[in-house]
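**Student:** Line order of the protein sequences matches chains A and B.
The opening position of the first sequence corresponds to residue 594 in the numbering used here, with each subsequent residue numbered one higher.
The opening position of the second sequence corresponds to residue 41 in the numbering used here, with each subsequent residue numbered one higher.
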Amino acid sequence: MKMSRKQKRKIVTQEASNSGFSGKMQRKLVVLFIIVLLAFVALSLRLLKINREKGDDYKRQVMRQQMSSSRVIPFRRGDIVDRKGTKLAYSEKVYNLVVDAKMLLSDEGVHLEPTMQALQKCFPEVDTTEIREYVNKNPGSRYKIFAKHLPFNEIEPFKEMQKNGVEVKGKKVSDNETEPEMMDGIWFEDDYERKYPGSSLACDVIGFVQGDNTGFFGLEEFYNDTLNGTDGREYGFMNEDSVMEESIKPAVDGYTIVSTIDTNIQSIVEKHIAKFMNEHRNAYRQGAAAKNIGVIVMNPNDGEVYAMAGYPVFDLNDPSNMDNVDLTQFLPESVSENTAVDTEAEEEVSGNNAPEDPMTVARNKIWRNYCISDSFEPGSVMKPFTVAGAIDSGKITGNETYQCNGYLDVADYQIHCHNRLGDGLLTVQQGIAKSCNVVLMDIAFAMGKEEWLRYNKIFNFGYKTNIDLAGETNASELTFNEKMGITDLAVASFGQGFNVTMMQMAAGFSALINGGYYYRPQMVSEIRNSEGAVVEKIQPRIYKQVISEDTSAKMRDYLRTVVMSDPKECTGWSARPIGYTEGGKTGTAEKAPRTKNDYLISFMGYVPAENPEVLCYVVIDTPNTEIQSESTRLATRLNRDIMTEVLPYLNIFPTEEITEEEAEELRAKQDEFSENSSYWTISANELLPENEDETSEEAEDNNEEVIEIPVEEAEPPKDSAGNPIVNNVIQYDPETGYPLDPATGEVLDPVTLLPISPKPKEEQYAPEEGE
Amino acid sequence: MSHGKVKRRHMDYSLFFAVIFLLLFGLIMVYSASSYEASLKFNDSAFYLKNQARATALGFIAMLIISRIDYHIWKGPAFLIYLGSLFLVFLVLTPLGVVRNGARRWLDVGISVQPAEVAKVGVILLFASILSRYGKQLSSTLKGIFICTVLAGIPAVMVLTITSNMSSAIIIFGIATVMVFVCSQKTLPFMLIGGAITGGAALIVYMVMHGIIPETLSYRTARIRAWLQPEAYASGTGYQTLQSLYSIGAGGIFGKGLGQSTQKLGFVPEAQNDMIFSIICEELGLFGAIAILLMFVILIWRFVIVANNASDQFGAFIVTGVMAHIAIQVILNIAVVTNTIPNTGITLPFISYGGTSILFLLYEIGLCLSVSRSIEV
Chain A
594 MKMSRKQKRK
604 IVTQEASNSG
614 FSGKMQRKLV
624 VLFIIVLLAF
634 VALSLRLLKI
644 NREKGDDYKR
654 QVMRQQMSSS
664 RVIPFRRGDI
674 VDRKGTKLAY
684 SEKVYNLVVD
694 AKMLLSDEGV
704 HLEPTMQALQ
714 KCFPEVDTTE
724 IREYVNKNPG
734 SRYKIFAKHL
744 PFNEIEPFKE
754 MQKNGVEVKG
764 KKVSDNETEP
774 EMMDGIWFED
784 DYERKYPGSS
794 LACDVIGFVQ
804 GDNTGFFGLE
814 EFYNDTLNGT
824 DGREYGFMNE
834 DSVMEESIKP
844 AVDGYTIVST
854 IDTNIQSIVE
864 KHIAKFMNEH
874 RNAYRQGAAA
884 KNIGVIVMNP
894 NDGEVYAMAG
904 YPVFDLNDPS
914 NMDNVDLTQF
924 LPESVSENTA
934 VDTEAEEEVS
944 GNNAPEDPMT
954 VARNKIWRNY
964 CISDSFEPGS
974 VMKPFTVAGA
984 IDSGKITGNE
994 TYQCNGYLDV
1004 ADYQIHCHNR
1014 LGDGLLTVQQ
1024 GIAKSCNVVL
1034 MDIAFAMGKE
1044 EWLRYNKIFN
1054 FGYKTNIDLA
1064 GETNASELTF
1074 NEKMGITDLA
1084 VASFGQGFNV
1094 TMMQMAAGFS
1104 ALINGGYYYR
1114 PQMVSEIRNS
1124 EGAVVEKIQP
1134 RIYKQVISED
1144 TSAKMRDYLR
1154 TVVMSDPKEC
1164 TGWSARPIGY
1174 TEGGKTGTAE
1184 KAPRTKNDYL
1194 ISFMGYVPAE
1204 NPEVLCYVVI
1214 DTPNTEIQSE
1224 STRLATRLNR
1234 DIMTEVLPYL
1244 NIFPTEEITE
1254 EEAEELRAKQ
1264 DEFSENSSYW
1274 TISANELLPE
1284 NEDETSEEAE
1294 DNNEEVIEIP
1304 VEEAEPPKDS
1314 AGNPIVNNVI
1324 QYDPETGYPL
1334 DPATGEVLDP
1344 VTLLPISPKP
1354 KEEQYAPEEG
1364 E
Chain B
41 MSHGKVKRRH
51 MDYSLFFAVI
61 FLLLFGLIMV
71 YSASSYEASL
81 KFNDSAFYLK
91 NQARATALGF
101 IAMLIISRID
111 YHIWKGPAFL
121 IYLGSLFLVF
131 LVLTPLGVVR
141 NGARRWLDVG
151 ISVQPAEVAK
161 VGVILLFASI
171 LSRYGKQLSS
181 TLKGIFICTV
191 LAGIPAVMVL
201 TITSNMSSAI
211 IIFGIATVMV
221 FVCSQKTLPF
231 MLIGGAITGG
241 AALIVYMVMH
251 GIIPETLSYR
261 TARIRAWLQP
271 EAYASGTGYQ
281 TLQSLYSIGA
291 GGIFGKGLGQ
301 STQKLGFVPE
311 AQNDMIFSII
321 CEELGLFGAI
331 AILLMFVILI
341 WRFVIVANNA
351 SDQFGAFIVT
361 GVMAHIAIQV
371 ILNIAVVTNT
381 IPNTGITLPF
391 ISYGGTSILF
401 LLYEIGLCLS
411 VSRSIEV
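This is the structure:
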């Protein structure tokens, strides 16, 4: 740059005088901005034009190149297995038959005839004329599925033919001749089909899969993402030198989930529900035995659910097929009956309120899980919660007595006890045992509204239990809040006027009896990858301590008397499984609208009463009996029947003396139960003390592992009379009520399971609390 | 320097946040567009994302530091920086140069650098420096224009011949032209030149179309033919363009959803690079594409505001240069993706994958923020 010094100086002064852009420069910059803006607008219009003029073309083009040069390698959805490893759901590899028209028609059509003949021979269900038509219309097509979900053994012969050639018009065409590979244009695409070996077993819990590996209901929906893997892809693409390259990205298979469900317990429960439904069908009026029925069996000490069932069941392998399902309760006329307190969140399932096909409505009702999705007024099973809250908060000590005259005046109402004559002077314990409403109302008044509500919250009512199942409801809009009045409090004390779900009740009740620890109920204990390695162990999770250990111990005392007292003094005696102590609470809730005299009867029971190991909650909605309010025994009996079978299976041994009649009754029951069941057992070996010198603790340790032996496999042992012992069940000594060793017939100590020698080494076992 | 000392000044936050938005959006799109290819090639779907995130983080810190430094310190050494960038371009010819994707464009000095990106910064600084000093003479006399043409022409020609990177050459020359245009007293001659260039380009296209220029002459003539009829060259030169158009068409108005592009699965070459806008179109549709364009409009508008309010001409010219750089690059990139102009490898600022590009862009933004801080409020 050559400039004279004079010029330079001039410029410097010029610069000094002017600090920023001159007006002209600023204008030019704005002009530039406008030019840029116009360019952007032009480009946007260009984008719009591409989309409008060629959008559909290009979309199709994209689809086409996806199909011709890349194909999806599907992942395998993970299994669902029960706690013993029995498969509840798995995915089976199947094949889709794909026609590649371009290949089929290549080489001047020499492939077409032999291929069509082979197809006709191997797949009679595939319409070859249809394929011919399609191929003629779409000669450029590379991918069209003509048959779905073929098992391997069906495609095997065709594949064999593809390899070896096929006979055309009497002339064998094979690889060795001039035209090799006469068949072409057909290939098989991998796919998976979901199978449920138990078909309807635990259907509400497992849920099912539709369409593209999307789970609906239950575990399949809740763990959908865990169960699903990632599709792999085999694809070709053009590299920089415009050469097609192929590459494969393998699929990642989904994880397997290990459920806490026990197939055997689940089938015991379902068997008894079905039995109940059969026995009580048309019992009073024409129709089903009950509107609905739900059972939860769980471990109160860690929240693991052993079984959860509702009615009716459906086949998971074909969930839409309702041919074998009893629909009477679920067709529209019963839908309209639902009233404010009784309704369930229907929208959850059906999504809108538009009038729907009644079958669809019914299906949705059957698919949903009654135990977690439906709410109801719990009735007297709520009473222990009220008492526990009152004692835990210090509002009562438990030593109070209350006078029951058969009713209590609350505001403008007379609220009656179910014993309208009045029970007289009752302790808190008797109040629970006799299920006296007046005692409970008095206790609730002693507590006061705030305290009752606070404990209601602590016991988690109105909140989800967060069980790992899809579709749980919290029924929060149907619980009481600060606006509750004095009458509300009175009826709430015995479980009327607000809604709960079965799961909320079972989880809360577990906390009442296990020392006060509220566990999250859980359905899955472990997640494994496709190689079987453990990815995640889901440990039982304590949410909170709801009441103190002391209060819980008191509750166990009270609840024991509900079942174990003299039948005149308690409501739940008929629930007791022979040979065991049980605690629990009956419930008889009047349904809304009250004028219909419909009831929901229930029983929550646990065994043993002193040290609960298993909890069973039975709910029967609107039993088909004349006086429903007097039918609570149906629930207690169902509970007893289930417990009678489940307890030996869980290796919980009887502790009580068994009288001769009881033993007789038990035997009859066992025969009856085992008629159509191949599970129900403790194996004979299990009871055999292998080393008799072992201390009792060690013997008990052994008991924890339960071996399940199907009946057919075990050789039926014989008793002393030489009669085979049916189904390998535990037999009881009619005199002592102690279990007998099925192999030797020796009387066993119920605690240690060691044979009791003729001269007892120790004092004969005596139950802790006689009657 | 004679600008007044002012108490508290703030940088232009609209500019700052627009850049942050574009950077973050860029990272998301790079991940979306590259994860499939990365997992195939490197067995790590985040391979490109990690590289890009590293460069972005580094560039962002550099930007913050540069924005705090008085930009006048760059005025003195501007010419040296310019010469240095020319030297770097020259270095590509030495063994330090690296050939990638068939083009010798990179320098390997521990990390790989594209000297063309440095040259852009060099030109911006040089022109800001000389135009702020001798603006009137340089931009409004024939002799001055000649000098400017030479100063801009040298790096442009070097980039074109040494690294055969036509797009960068166009950008370098474009930046200088815009800066001189803003500075100049005159408007008409620029319009005439612009018209002449357009006419020339049209003539060349016409000649290629009618076979007057043989196709075999250069790969550029092939590209022009592919531009005119991408379908006819679908398996060759037109492949990338056509796939890009397919993506735009497949996206429709609202797109397939973030991450749902199928074209990125090997069909669109350089999906995370030059062609990232087509993946944006496929996943986010016209709606998303226009939203991104609006973001750039905001950015460029802020450049206009900062330049017009800068306390001195040096700062104003820097901002003008940066604005020219980004605007030209965005327009050219999208024009290529939509097949409005023949295919030439050009990245989308802030969004496309490329470490050098993002580093120097953020350096430029740092300069602009520094200029915006000096505005007296």
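A virtual CB, placed ideally from N, CA and C, is assigned to each residue, including glycine.
Closer than 8 Å by beta-carbon distance: list the chain A residues that pair up with Ile194 of chain B, in chain order.
**Tutor:** On the second sequence, residue 194 of chain B is found 154 positions in, with the first residue counted as 1. Here the premise fails: no neighbours, minimum Cβ distance about 14 Å.
**Student:** According to DSSP, simplified to helix, strand and coil, what is Phe343 of chain B?
**Tutor:** The residue you call residue 343 of chain B lines up with position 303 of the second sequence. Phe343 of chain B falls in the helix class under three-state DSSP.
**Student:** With a threshold of 16 other CB atoms inside 10 Å of the CB of Val629 of chain A, please say whether the residue is buried or exposed.
**Tutor:** Residue numbering aside, residue 629 of chain A sits at position 36 when the first sequence is read from its first letter. Counting Cβ neighbours within 10 Å, Val629 of chain A comes out buried, since at least 16 surround it.
**Student:** Below 8 Å on the Cβ atoms is my guess for Ile211 of chain B versus Ile368 of chain B; work out the distance and round it to an integer in Å.
**Tutor:** On the second sequence, residue 211 of chain B is found 171 positions in, with the first residue counted as 1. On the second sequence, residue 368 of chain B is found 328 positions in, with the first residue counted as 1. That pair is a contact at about 5 Å.
**Student:** If contacts are defined as beta-carbon pairs under 8 Å, then Gln1221 of chain A and Thr1215 of chain A qualify, I think. What distance do you get, rounded to the angstrom?
**Tutor:** Stepping through the first sequence from its first residue, residue 1221 of chain A is reached at position 628. Stepping through the first sequence from its first residue, residue 1215 of chain A is reached at position 622. Between Thr1215 of chain A and Gln1221 of chain A the Cβ distance is about 7 Å, and since that is below 8 Å, they are a contact.
**Student:** Let me make sure I understand the geometry here. Which of A:Pro1170, A:Asp1150, A:Met1095 has the alpha-carbon closest to that of Glu992 of chain A?
**Tutor:** As a first step, residue 992 of chain A must be located in the first sequence, where it is residue number 399. It is worth fixing the name first, because residue 992 of chain A is Asn in this sequence and not Glu. Answer by Cα proximity: A:Asp1150.
**Student:** Whose Cβ in chain B lies nearer than 7 Å to the Cβ of Gln619 of chain A?
**Tutor:** Your numbering for residue 619 of chain A matches position 26 in the first sequence. The contacting residues are Asn348.
**Student:** With a 10 Å radius around its C-beta and 16 neighbouring C-beta atoms as the bar for buried, classify Met247 of chain B as buried or exposed.
**Tutor:** Translated into the one-based positions of the second sequence, residue 247 of chain B becomes position 207. Classification for Met247 of chain B: exposed.
**Student:** Hey, could you find the ends of the beta strand (DSSP E) Ala1185 of chain A is sitting in?
**Tutor:** Against the first sequence, residue 1185 of chain A aligns to sequence position 592. Run containing Ala1185 of chain A: none; DSSP gives neither H nor E here.
**Student:** Take every Cβ of the segment 1091-1103 of chain A, pair it with every Cβ of the segment 998-1016 of chain A, and state whether three or more of those distances are shorter than 8 Å.
**Tutor:** no
**Student:** For Gly733 of chain A and chain B, any beta-carbon pair shorter than 9 Å?
**Tutor:** Taking the first sequence and counting its residues from 1, one reaches residue 733 of chain A at position 140. False, the Cβ-Cβ gap to chain B never drops below 9 Å.
**Student:** Does the beta-carbon distance from Ala290 of chain B to Lys652 of chain A come in below 9 Å?
**Tutor:** Position 250 of the second sequence, counted from the start, is the residue given in the question as residue 290 of chain B. Position 59 of the first sequence, counted from the start, is the residue given in the question as residue 652 of chain A. A contact, by the Cβ cut-off of 9 Å.
**Student:** Report yes or no: do the segment 897-907 of chain A and the segment 794-803 of chain A share at least 3 C-beta pairs separated by less than 8 Å?
**Tutor:** yes
**Student:** List the residues of chain A whose Cβ lies closer than 7 Å to the Cβ of Ser378 of chain B, in chain order.
**Tutor:** Start at 1 with the first residue of the second sequence, and residue 378 of chain B comes out as number 338. According to the sequence as given, residue 378 of chain B is Thr; it is not Ser. Leu636, Arg639, Leu640, Ile643, listed in chain order.
**Student:** Starting from Glu685 of chain A, trace the alpha helix (DSSP H) in both directions and tell me its first and last residue.
**Tutor:** Your numbering for residue 685 of chain A matches position 92 in the first sequence. Run containing Glu685 of chain A: none in the alpha helix (DSSP H); it sits in the beta strand (DSSP E), 680-692.
**Student:** Got a sec: which bits of the segment 285-298 of chain B sit with their beta carbon under 9 Å from any beta carbon on chain A, in order along the chain?
**Tutor:** Residues of the segment 285-298 of chain B with a C-beta atom less than 9 Å from some C-beta of chain A are Leu285, Tyr286, Ser287, Ile288, Gly289, Ala290, Gly291, Gly292, Ile293, listed in chain order.
**Student:** Can you check the segment 107-158 of chain B for any alpha helix (DSSP H) of at least 4 residues that lies completely inside it and give the ranges in chain order?
**Tutor:** 118-131
**Student:** When you compare the segment 1010-1027 of chain A with the segment 1053-1064 of chain A, are there three or more beta-carbon pairs, one atom per stretch, that lie closer than 8 Å?
**Tutor:** Of all C-beta pairs linking the segment 1010-1027 of chain A to the segment 1053-1064 of chain A, fewer than three are shorter than 8 Å, placing the two stretches out of contact.
**Student:** Go through its chain and collect everything with a Cβ distance to Gly671 of chain A's Cβ below 6 Å, but skip five positions before and after it.
**Tutor:** Taking the first sequence and counting its residues from 1, the one referred to as residue 671 of chain A is at position 78. Within the same chain, Gly671 of chain A has close Cβ partners Leu820, Gly847, Tyr848, Thr849.
**Student:** Any idea what DSSP makes of Ile989 of chain A, helix, strand or coil?
**Tutor:** Locating residue 989 of chain A in the first sequence gives position 396, counting from the first residue. Three-state result, Ile989 of chain A: coil.
**Student:** How should Leu1082 of chain A be labelled, buried or exposed, when 16 other C-beta atoms within 10 angstroms of its C-beta is the threshold for buried?
**Tutor:** Position 489 of the first sequence, counted from the start, is the residue given in the question as residue 1082 of chain A. Buried.
**Student:** Throw me the rounded Cβ distance for the Gly297 of chain B and Asn644 of chain A pair, which I believe falls under 8 Å.
**Tutor:** Residue 297 of chain B sits at position 257 when you count from the first residue of the second sequence. Residue 644 of chain A sits at position 51 when you count from the first residue of the first sequence. So it is not a contact: roughly 17 Å between Cβ atoms.
**Student:** When you compare only the Cα positions, how much space is there between Val370 of chain B and Glu416 of chain B?
**Tutor:** For the purposes of this step, residue 370 of chain B is taken as residue 330 along the second sequence, with counting starting at 1. For the purposes of this step, residue 416 of chain B is taken as residue 376 along the second sequence, with counting starting at 1. When rounded, the distance between both Cα atoms is 31 Å.
**Student:** Taking 9 Å as the CB-CB cut-off, is Phe213 of chain B touching chain A?
**Tutor:** Taking the second sequence and counting its residues from 1, one reaches residue 213 of chain B at position 173. Phe213 of chain B does not count as touching chain A.
**Student:** Would a C-beta distance cut-off of 9 Å place Cys408 of chain B and Ile332 of chain B closer than the cut-off?
**Tutor:** Here residue 408 of chain B refers to the residue found at position 368 of the second sequence. Here residue 332 of chain B refers to the residue found at position 292 of the second sequence. Going by beta carbons, Cys408 of chain B and Ile332 of chain B fall outside the 9 Å limit.
**Student:** Cα separation between Asp314 of chain B and Phe82 of chain B?
**Tutor:** Locating residue 314 of chain B in the second sequence gives position 274, where the first residue counts as 1. Locating residue 82 of chain B in the second sequence gives position 42, where the first residue counts as 1. When rounded, the distance between both Cα atoms is 20 Å.
**Student:** Using a Cβ-Cβ distance cut-off of 9 Å, determine whether Thr445 of chain B contacts chain A.
**Tutor:** With chain B represented from 41 up to 417, any question about residue 445 of chain B goes unanswered, as that position is not in the structure.
**Student:** Taking Ser1009 of chain A as the reference, give the member of A:Asp818, A:Thr990, A:Met1034, A:Pro951 with the closest Cα.
**Tutor:** Position 416 of the first sequence, counting from 1, holds the residue named residue 1009 of chain A. Reading off the sequence, residue 1009 of chain A comes out as His, not Ser. Looking at the Cα atoms, A:Met1034 is the closest of the given residues.
**Student:** For Ser986 of chain A, I'd like the list of residues in its chain whose CB is within less than 6 Å of its CB, leaving aside the five on either flank, ordered along the chain.
**Tutor:** The count along the first sequence starts at 1 and reaches residue 986 of chain A at position 393. The residues are Glu1044.
**Student:** Just confirm the distance between the C-beta atoms of Ser72 of chain B and Ile319 of chain B, as a whole number of angstroms; I'd bet it's less than 8 Å.
**Tutor:** Here residue 72 of chain B refers to the residue found at position 32 when the second sequence is read from its first residue. Here residue 319 of chain B refers to the residue found at position 279 when the second sequence is read from its first residue. Ser72 of chain B to Ile319 of chain B, Cβ: 7 Å. Contact.
**Student:** Counting only beta-carbon separations shorter than 9 Å, does Ala367 of chain B have a partner in chain A?
**Tutor:** Within the second sequence, the letter at position 327 stands for residue 367 of chain B. Yes, Ala367 of chain B counts as interfacial toward chain A.
**Student:** So, is the C-beta of Asp352 of chain B closer than 9 Å to a C-beta in chain A?
**Tutor:** Here residue 352 of chain B corresponds to residue number 312 of the second sequence, with the count starting at 1. Taking 9 Å as the threshold, the shortest C-beta distance from Asp352 of chain B to chain A falls below it.
**Student:** Can you list, in chain order, the residues of the segment 77-91 of chain B whose Cβ is nearer than 8 Å to any Cβ on chain A?
**Tutor:** Ser79, Leu80
**Student:** Which ranges would you report for the beta strand (DSSP E) in the segment 1130-1167 of chain A if only whole runs of at least 3 residues count?
**Tutor:** Listed in chain order, they are 1135-1138.
**Student:** What is the rounded straight-line gap between the Cα of Phe56 of chain B and the Cα of Ala97 of chain B?
**Tutor:** Position 16 of the second sequence, counted from the first residue, corresponds to residue 56 of chain B. Position 57 of the second sequence, counted from the first residue, corresponds to residue 97 of chain B. Each residue's Cα considered, the two are about 15 Å apart.
**Student:** I want to see whether chain B comes within less than 9 Å of Glu833 of chain A, judged by CB atoms only; does it?
**Tutor:** The residue you call residue 833 of chain A lines up with position 240 of the first sequence. Its pLDDT being 49, under 50, Glu833 of chain A is placed unreliably in this model, and the value from its coordinates should be taken loosely. Yes, its Cβ sits closer than 9 Å to a Cβ of chain B.
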